[in-house]
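Numbering (UniProt numbering), first residue to last: 1 to 123.
In this text, a Cβ means the ideal position worked out from N, Cα and C, and glycines have one as well.
None of the values given here were measured: they were computed from a predicted structure.
Note sheet for the following structure.
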């Protein structure tokens, strides 16, 4: 994956509303959601939602299909997976502690480091 694609995706994800949209679409699997349902679920106006979906679409993180008068959005799992694979493998050198934290289900307590300070995710 090209670095420019990774940066575009990470930039799109670096906004609380867009991250919530990604999390919501991820929970819907391949079914996705129509724009109106996303707006209602997140309490967004149509124009605000359109702005955020456009950013996610430009970054390749969502796929959109027209269904009559509605637009259905689905998370592009392959693109999102590629972004994280790039970060984990290419940037982090496939470091076992970093990969273990990701594969272990998120922020779990990490072992104490040598200085005795806790190295856990903020929670």
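Legend entry - C-beta atoms of residue 52 and residue 18 nearer than 8 Å: Residue 52 is a Cβ neighbour of residue 18, given a cutoff of 8 Å.
Legend entry - Burial state of residue 59 (16 or more Cβ within 10 Å): buried
Inset, instruction - Could you check which residue in 87, 72, 83, 88 has the C-alpha nearest to that of residue 28? - result: 72
Inset, instruction - Note the first and the last residue of the continuous alpha helix (DSSP H) segment covering residue 79. - result: 77 to 85
Legend entry - Completely contained alpha helix (DSSP H) runs for the UniProt domain "HTH arsR-type" (1 to 95), where each covers 4 or more residues: 3 to 13, 16 to 27, 35 to 42, 46 to 58, 77 to 85
Legend entry - Between the CA atoms of residue 96 and residue 75 - distance to the nearest angstrom: 28 Å
Legend entry - Short Cβ contact (8 Å threshold) for residue 83 with residue 9: yes
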